[in-house]
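**Q** These protein sequence lines are chains L and Z, in that order. Each residue of the first sequence is one higher than the last, beginning at -19 in the working numbering. Each residue of the second sequence is one higher than the last, beginning at -6 in the working numbering.
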Amino acid sequence: MVDQTSQLKPNKTVVRPIACGGTGGDPVAIDSKDGKLIRFRPLRWDAEYTAEELKDSWWEVEVDGKKFSPDIRDAPNYFALAYKTRVYSENRVKYPLKRVDWEPGGDPDKINAQNRGRSKFARISWDEALDIIEAELRRIIDSYGAFSVLCIGEDGHRESKDLQAGGGMHATVMNQLGGYTRESRTPDSVEGWYWGAKHFWGSGSNRGLGMIAPPETNFCSWNVCYDITKYSDFIAFHAGDLELTQNYASQFWSRLLKYWEELGKEFVVIDPFCNYTAVCHETVKWIPVLPNTDAALDFAIMYVWLTEGTYDKDYIDTHSIYFNKVCDYILGTDEEGIPKTPEWASPLCGVPVWTIKALARKWAKHTTSLVHFSSGSIKGPYSHEPGRTHAYKIAMQGLGKPGVQQFFMNASDMSKQTLSKTTTAPLSMCSKSRMFYPTVQSVPRSAVAHALNDGELKWWGSPCIVYVPTDEQFKEFNYPAPADQGGTEIHLLWSEKPCNMNCWNGGFNYQEAIRTPKVECFITNHQWLENDSLFADLILPVTTCVEENDMVGASQIVPLKIASYQVPACDTVGESFSDYQIAIKVAERFGVAENINLGMTDEEWLEYAFEQSRLPEEIDFETLKTKQYYIPKTDPDWKDMPAGMRNFYNDPEQFPLDTPSGKLEFWSQALADNFPDDKERTPMARWIIGGPAEEGWTHDETPFGEKAKTYPLLLIANPARFRVHVQGDDIPWFREIETTKVRGFDGYLYEPLWISPVDAEARGIVNGDIIKVYNEQGVILTGAMITERVLPGSIMIHKGSRVDPIAKGIDRGGAANLISPPRSISKHCVGFAVSGYLAQAEKLSRAEYDEWKQKYPEAFAREYDPATGTSYASWVEGGQ
Amino acid sequence: MAKVFVIDYKGCVGCHNCQIGCKDEHCGNDWSPYAKPQPLSGQFWCKVNQKERGARPHVKVSYQTTLCNHCDDAPCVKAAPDAVYKRDDGLVIIDPEKAKGNKAIVGSCPYHVIYWNEELQLPQKCTGCAHLLDGDHPINVPRCVDNCHIEIIRFGEEKDFDLSDCEVLHPEYGTKPRVYYKGGLPKKFVAGTVYDPDAQEVYIGAKATLSGDGDTFTATTDDWGDFWLRDLPDADFTLTIEADGKTKTLDVSTKEKDIGLGDIALV
Chain L
-19 MVDQTSQLKP NKTVVRPIAC GGTGGDPVAI DSKDGKLIRF RPLRWDAEYT AEELKDSWWE
41 VEVDGKKFSP DIRDAPNYFA LAYKTRVYSE NRVKYPLKRV DWEPGGDPDK INAQNRGRSK
101 FARISWDEAL DIIEAELRRI IDSYGAFSVL CIGEDGHRES KDLQAGGGMH ATVMNQLGGY
161 TRESRTPDSV EGWYWGAKHF WGSGSNRGLG MIAPPETNFC SWNVCYDITK YSDFIAFHAG
221 DLELTQNYAS QFWSRLLKYW EELGKEFVVI DPFCNYTAVC HETVKWIPVL PNTDAALDFA
281 IMYVWLTEGT YDKDYIDTHS IYFNKVCDYI LGTDEEGIPK TPEWASPLCG VPVWTIKALA
341 RKWAKHTTSL VHFSSGSIKG PYSHEPGRTH AYKIAMQGLG KPGVQQFFMN ASDMSKQTLS
401 KTTTAPLSMC SKSRMFYPTV QSVPRSAVAH ALNDGELKWW GSPCIVYVPT DEQFKEFNYP
461 APADQGGTEI HLLWSEKPCN MNCWNGGFNY QEAIRTPKVE CFITNHQWLE NDSLFADLIL
521 PVTTCVEEND MVGASQIVPL KIASYQVPAC DTVGESFSDY QIAIKVAERF GVAENINLGM
581 TDEEWLEYAF EQSRLPEEID FETLKTKQYY IPKTDPDWKD MPAGMRNFYN DPEQFPLDTP
641 SGKLEFWSQA LADNFPDDKE RTPMARWIIG GPAEEGWTHD ETPFGEKAKT YPLLLIANPA
701 RFRVHVQGDD IPWFREIETT KVRGFDGYLY EPLWISPVDA EARGIVNGDI IKVYNEQGVI
761 LTGAMITERV LPGSIMIHKG SRVDPIAKGI DRGGAANLIS PPRSISKHCV GFAVSGYLAQ
821 AEKLSRAEYD EWKQKYPEAF AREYDPATGT SYASWVEGGQ
Chain Z
-6 MAKVFVIDYK GCVGCHNCQI GCKDEHCGND WSPYAKPQPL SGQFWCKVNQ KERGARPHVK
54 VSYQTTLCNH CDDAPCVKAA PDAVYKRDDG LVIIDPEKAK GNKAIVGSCP YHVIYWNEEL
114 QLPQKCTGCA HLLDGDHPIN VPRCVDNCHI EIIRFGEEKD FDLSDCEVLH PEYGTKPRVY
174 YKGGLPKKFV AGTVYDPDAQ EVYIGAKATL SGDGDTFTAT TDDWGDFWLR DLPDADFTLT
234 IEADGKTKTL DVSTKEKDIG LGDIALV
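#1: Flag this pair as yes or no: are the beta carbons of K412 of chain L and L110 of chain L separated by less than 8 Å?
#2: So which residues of chain L does P131 of chain Z contact, with C-beta pairs closer than 8 Å?
#3: Taking the alpha helix (DSSP H) that F570 of chain L falls in, what are its first and last residues?
#4: At the level of alpha carbons, what is the spacing between V(-18) of chain L and P131 of chain Z?
#5: Report the three-state DSSP secondary structure of T(-15) of chain L (helix, strand or coil).
#6: Taking only the alpha-carbon atoms, compute the straight-line gap between E114 of chain L and V499 of chain L and give it to the nearest angstrom.
#7: Specify the secondary structure class of W832 of chain L as computed by DSSP and reduced to three states.
#8: If you compare alpha carbons, which of L:A813, L:E843, L:Y309 is closest to I358 of chain L?
#9: Please give me, in chain order, every unbroken run of the alpha helix (DSSP H) with length at least 4 that falls completely inside the region 578 to 620 of chain L.
#10: Under 8 Å: do the region 98 to 107 of chain L and the region 0 to 16 of chain Z share three or more Cβ pairs, one atom per stretch?
#11: By how many angstroms is the C-alpha of L33 of chain Z removed from the C-alpha of P712 of chain L?
#12: Where DSSP assigns a beta bridge to M765 of chain L, which residues make up the other side?
#13: Name, please, each residue of chain Z whose Cβ falls closer than 8 Å to the Cβ of L771 of chain L.
#14: Can you tell me whether N304 of chain L is buried or exposed, with buried defined as 16 or more other CB within 10 angstroms of its CB?
#15: Which residues mark the beginning and the end of the alpha helix (DSSP H) in which W38 of chain Z is found?
#16: Could you compute how far the alpha carbon of D274 of chain L sits from the alpha carbon of T321 of chain L?
#17: Which stretch, first to last residue, makes up the beta strand (DSSP E) that contains A216 of chain L?
#18: Classify G4 of chain Z as helix, strand or coil using the three-state DSSP reduction.
#19: Between the alpha carbons of R53 of chain L and T30 of chain L, how many angstroms are there, rounded?
#20: When burial is assigned at 16 or more other CB atoms within 10 Å of the CB, is N22 of chain Z buried or exposed?
#21: Ignore the nearest five residues each way along the sequence and tell me which others in T614 of chain L's own chain have a CB closer than 7 Å to its CB.
#22: Against T767 of chain L, what residues of chain Z qualify as contacts under a CB-to-CB distance less than 7 Å, listed in chain order?
#23: For A429 of chain L versus A493 of chain L, is the C-beta spacing smaller than 8 Å?
#24: Can you tell me whether E843 of chain L is buried or exposed, with buried defined as 16 or more other CB within 10 angstroms of its CB?
#25: Name, please, each residue of chain A whose Cβ falls closer than 8 Å to the Cβ of C260 of chain L.
#26: With DSSP as the reference, label I777 of chain L as helix, strand or coil.
#27: Below 8 Å on the Cβ atoms is my contact criterion, and I expect G366 of chain L with I696 of chain L to pass it. Report the Cβ-Cβ distance as a whole number of Å.
#28: What three-state label does DSSP hand F635 of chain L in the structure shown?
#29: Can you look up T850 of chain L in the DSSP assignment and give me helix, strand or coil?
#30: To which residues of the same chain is K(-11) of chain L closer than 8 Å at the C-beta, ignoring the five residues directly before and after it?
#31: Starting from the C-beta of T335 of chain L, find all residues in its chain whose C-beta is less than 7 Å away, skip the five residues before and the five after it, and write them out in chain order.
#32: Compare the C-beta of T552 of chain L against all C-beta atoms of chain Z and say whether one is closer than 8 Å.
#33: Return no unless some Cβ of chain L is closer than 8 Å to the Cβ of K16 of chain Z.
#34: Less than 7 Å separating the Cβ of L771 of chain L from some heavy atom of the ligand SAM?
#35: Name the two residues that bound the continuous beta strand (DSSP E) containing E686 of chain L.
#36: Counting C-beta neighbours from all protein chains within 10 Å, is the total for G849 of chain L 16 or more, i.e. buried, or is it exposed?
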């Protein structure tokens, strides 16, 4: 047959990990022709290396005669395979944009702050954009001091980049201009472990995240995956969904699960949602639990263990302190006098008594490990309680014993490479955006709206929240910082991660906080016109990772860690630049560019990063550039490394935890000493339901309080499978996957509201109805999807769809976090509570729909393309 | 020479990589003379059909990949012999030049896997990525196959596969499909949790027997008190649950759907 397709034969193939997280993933091979992208496909590791060359970089495990090792073809995450649509999205910001009714200069009458999120944008030149930024920064710094600039987006998820990365380049510039207010990342994804479990078992992973890790390895959990594979015969996914989490870095986990199935392991998913792991594996048992009631379930499990003597008593005696206090609480022999029996827990958590007992016995009878991967009660109000009860459970069965481990994203490595310093760190780094500079004035990301609204904020924690030891939770901070240290209120926001409103808590509250003239200027750097950018005054176009040169490998939640070197895979879209390049452009206006790039070219930086790493021990720079990727050699002794908490298990005196006593502390003297009056997070975990604010409670978000009388449904906001948090909601190929969106009668693709047949029927709801989901924070619109995958009394909306503002407190996009509590986890814990809170669901009648259409004509008149869900042209004059 | 697709739907985890890979290959890329570009959305030359099955807490989702069956006796070829042709390797191709404007080709397919491209005035469907098989490209298998990281979708010479336990979609259409489903197509299940309401305990080892339609299926409850009767035909059944000398009988039917019975009190 005559081949007439030669015009599309690629003349370039770039190997590039693409991931929505910061640490890369299994790379894709990107074929392009003359600067235009053709395809993104899985990479065969033998594309550039022979089997002999790969041999020492491979690992293999064998259990019961069954072998398992990485596949020769990798398994890029969902996004990487669809990234062509992100690069060429209808929604790409190609040019600098300025809000049409914002006038720089700080005049409250000319800012039109109230129109943020309403008025349109117009294209401007880079020169004009830089003129504005320079003038605004000079004016703001002169008027209020440098700390009046809030740099948003420290760290966090945003493509995987190194040299060209954002999430701190603005801070790097501002550091040259006198400082800035740091928006500190809070321990999202791991809140319950961070604020709760750290007081039980110490700082944990990466010396701070709160999931268990041994201090003697600098808080890295090696060989947990291997240990589970070898010894565990029962695996509990409690707040864990491996098939979903493959959206992060690699889809390798499907193969691992299949291998575990082949080995005859058994599984339970304890989750309010019948998650993506539960539905596709026949071997998985689903136990539905009402959202954020996991602590009650856990106490009942422990009650069964205590009364039946099926926990590791010897281990508890030698490895923990104050177990008696928890026993008294559970058995009802304390002053409260309530035994936490399965009969007590069942009406609270929605799990039948007989199933609670069966779960408790199964867990105790088997060698059980717990898998945590985001989601669930670990992100809810008072998440420190289930965080601690989950930890208690693992401890009572002998944490560290062969096959008794906690599996989580930083403890998922199978094998170790000789060059790997930690279970997460990239093999080389030269990013200047993640320096975590300490600064006098900082605001936790979860409380920015609070700080803006009230002009002041008190919290306990650290300006360096995530990677810090436990006792930093006891430090008090205040915003503004003392005036003699430069403290001042915030007047300019500059974001390199403009998704606070739907990624973090209390989104509607945040929207209003930035609609005040106190915020004189709001700049965002972002690739796509979405979310916080819709509320900005100035938007700077950013390149996607595919358009950049960089050296991004893979180092977290992947079967093989790699180093990798990239040239751009395609032409730059529009007039976009990387955050690094933008920082240099701004810095040039102030004559400080050389302090940022140190006079080095990109290529020199990449080579410098390479030389500074341990990679030269195994490969030279030119070879890496030619081959584009390199898998470091496997440590020949990796199987002998103590697995997870094995050293502590074997010898707690020689390998203590970094708790004050060195042991597991079922009751924390440190909490008692520092926060003696805290009734929400007491020295040990309890079943906390909260109550009215006037009685000193932060939350009343359970079915048992006053709020539930008005808003009776518990809303779960698990991560979506085909988004990572808020990334990728415009990918047309994902939006048309069944269950990703629901088409309303108006043709709009609404975010699905997963609702049980019982609750749907009670509300007259049928599939496809447009549903208002609301509480005191506001209203979001969703599309009804009636399902058996949630319990009556609970509803599920995957977090992270894009905002599409209709009016104050009303949004069409269905971003759940808009109506999440703006308040912290509890009084002394400034984490976010974005799942397991109360709401009501109600059908939006045609009459009300028409009424809204009359009332908010501009919002409803916006052009809309269901394929991408975007309305770029309706937000930007002239559509450019 | 003749090739087949062999799909193991039971092992599918619902990642949709096949559906995405197909789009990545064909949306925006012109592979003439094999195919013109697929529109950015709305067409599914390869599609994963999802079906939620059972009832809480016995819920599963089946994911079943469908694509052009590349039938040996293809109705589309019959409908437009000048525009649709069968290759020696068994793939059926719609010639984008010759099929232009011929909407009747869309309606000829009983499997509804041919789409109408309004903009190009073209009937379009899966080509088996014939351009990759023929050309000097970085890969030489269909994209859905290359993208499947767990090898649920395979493609190759018919003689290299054991097709004895395979089924095809709607054999009654008589079109002789070349897409085979390993282990057969989705069958029904009946599941439940058996418990003792007095003791408030699950029954482990209770016997569940399903009889009807001349067949009998049995299962024993596990540590959760659960029985799962799988791979059932569509039929009316009598379910008998026995434990501790107690018996409960229920009428169930798999004719319409899978059955999740929830918690069943045995008294």
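Think of the CB as a built atom: it goes at the ideal place given N, C-alpha and C, for glycine as much as any other residue.
**A** In this structure, then:
#1: Taking the first sequence and counting its residues from 1, the one referred to as residue 412 of chain L is at position 432. Taking the first sequence and counting its residues from 1, the one referred to as residue 110 of chain L is at position 130. Result no, Cβ atoms of K412 of chain L and L110 of chain L do not sit closer than 8 Å.
#2: Along the second sequence, read from residue 1 onward, the residue named residue 131 of chain Z stands at position 138. Under the 8 Å cutoff, chain L gives P(-10), T(-7), A9, D11, R21.
#3: Position 590 of the first sequence, counted from the first residue, corresponds to residue 570 of chain L. Per DSSP, F570 of chain L belongs to no alpha helix (DSSP H) and is neither H nor E.
#4: Within the first sequence, residue -18 of chain L is the residue found at index 2, counting from 1. Within the second sequence, residue 131 of chain Z is the residue found at index 138, counting from 1. Its pLDDT being 36, under 50, V(-18) of chain L is placed unreliably by the model, and the measurement read from it follows with that caveat. Their backbone Cα atoms lie some 18 Å apart in a straight line.
#5: Numbered from its first residue, the first sequence carries residue -15 of chain L at position 5. In this predicted model, T(-15) of chain L has a pLDDT of only 49, less than 50, meaning its place in the structure is not dependable; the value taken from the coordinates is given anyway. It is coil, neither helix nor strand.
#6: Looking up residue 114 of chain L in the first sequence gives position 134. Looking up residue 499 of chain L in the first sequence gives position 519. Straight-line Cα distance between these residues: approximately 17 Å.
#7: As a working note, residue 832 of chain L is residue 852 in the first sequence. Of the three classes helix, strand and coil, the one that applies to W832 of chain L here is helix, per DSSP.
#8: Here residue 358 of chain L is taken as the residue at index 378 of the first sequence, counted from 1. Considering only alpha carbons, the answer is L:A813.
#9: 582 to 592, 601 to 607
#10: no
#11: The sequence position of residue 712 of chain L within the first sequence is 732, counting from 1. The sequence position of residue 33 of chain Z within the second sequence is 40, counting from 1. Approximately 7 Å between the Cα atoms of the pair.
#12: Your numbering for residue 765 of chain L matches position 785 in the first sequence. Answer by DSSP bridge pairing, in chain order: L:W734.
#13: Translated into positions along the first sequence, residue 771 of chain L becomes position 791. Correct list: R49.
#14: Position 324 of the first sequence, counted from the first residue, corresponds to residue 304 of chain L. It counts as exposed.
#15: For the purposes of this step, residue 38 of chain Z is taken as the residue at position 45 of the second sequence. Unbroken run through W38 of chain Z: none, as it is neither H nor E.
#16: Along the first sequence, read from residue 1 onward, the residue named residue 274 of chain L stands at position 294. Along the first sequence, read from residue 1 onward, the residue named residue 321 of chain L stands at position 341. If you take the alpha carbons of D274 of chain L and T321 of chain L, they lie about 14 Å apart.
#17: By 1-based counting over the first sequence, the position of residue 216 of chain L is 236. 214 to 220 is the span of the beta strand (DSSP E), which, as asked, contains A216 of chain L.
#18: In the second sequence, the residue the question calls residue 4 of chain Z occupies position 11. Looking at G4 of chain Z - three-state DSSP - the assignment turns out to be helix.
#19: Within the first sequence, the letter at position 73 stands for residue 53 of chain L. Within the first sequence, the letter at position 50 stands for residue 30 of chain L. C-alpha separation (whole angstroms): 14 Å.
#20: Counted from its first residue, the second sequence places residue 22 of chain Z at position 29. Label assigned to N22 of chain Z: buried.
#21: On the first sequence, position 634 is the one that residue 614 of chain L refers to. For T614 of chain L, where only same-chain residues beyond five positions count, the Cβ hits under 7 Å are D36, S37, W38, W39, S395, Q397.
#22: Position 787 of the first sequence, counting from 1, holds the residue named residue 767 of chain L. Here the neighbours are E45.
#23: On the first sequence, residue 429 of chain L is found 449 positions in, with the first residue counted as 1. On the first sequence, residue 493 of chain L is found 513 positions in, with the first residue counted as 1. Yes, they are a contact pair.
#24: As a first step, residue 843 of chain L is located in the first sequence; it is residue number 863 there, counting from the start. Answer is exposed; the Cβ neighbour count stays below 16.
#25: Note that chain A does not occur in the displayed structure, where the protein chains are L and Z.
#26: Residue 777 of chain L sits at position 797 when you count from the first residue of the first sequence. Note: I777 of chain L maps to coil in three-state DSSP.
#27: Translated into positions along the first sequence, residue 366 of chain L becomes position 386. Translated into positions along the first sequence, residue 696 of chain L becomes position 716. Gly is not the amino acid found at residue 366 of chain L; the sequence shown has Pro there. About 14 Å separates the two Cβ atoms, so there is no contact after all.
#28: The count along the first sequence starts at 1 and reaches residue 635 of chain L at position 655. Coil at F635 of chain L, not helix or strand.
#29: The residue labelled residue 850 of chain L in the question sits at position 870 within the first sequence. Correct three-state label for T850 of chain L: strand.
#30: For the purposes of this step, residue -11 of chain L is taken as the residue at position 9 of the first sequence. K13.
#31: Taking the first sequence and counting its residues from 1, one reaches residue 335 of chain L at position 355. Counting only Cβ-Cβ distances below 7 Å, and skipping sequence neighbours, we find I267.
#32: Along the first sequence, read from residue 1 onward, the residue named residue 552 of chain L stands at position 572. T552 of chain L does not count as touching chain Z.
#33: Mapped onto the second sequence, residue 16 of chain Z falls at position 23. K16 of chain Z counts as touching chain L.
#34: No copy of the ligand SAM occurs in the structure displayed, which carries no ligand at all.
#35: Residue 686 of chain L sits at position 706 when you count from the first residue of the first sequence. Taken as a continuous stretch (DSSP letters only), E686 of chain L belongs to no beta strand (DSSP E), as it is neither H nor E.
#36: Counted from its first residue, the first sequence places residue 849 of chain L at position 869. Burial call: buried.
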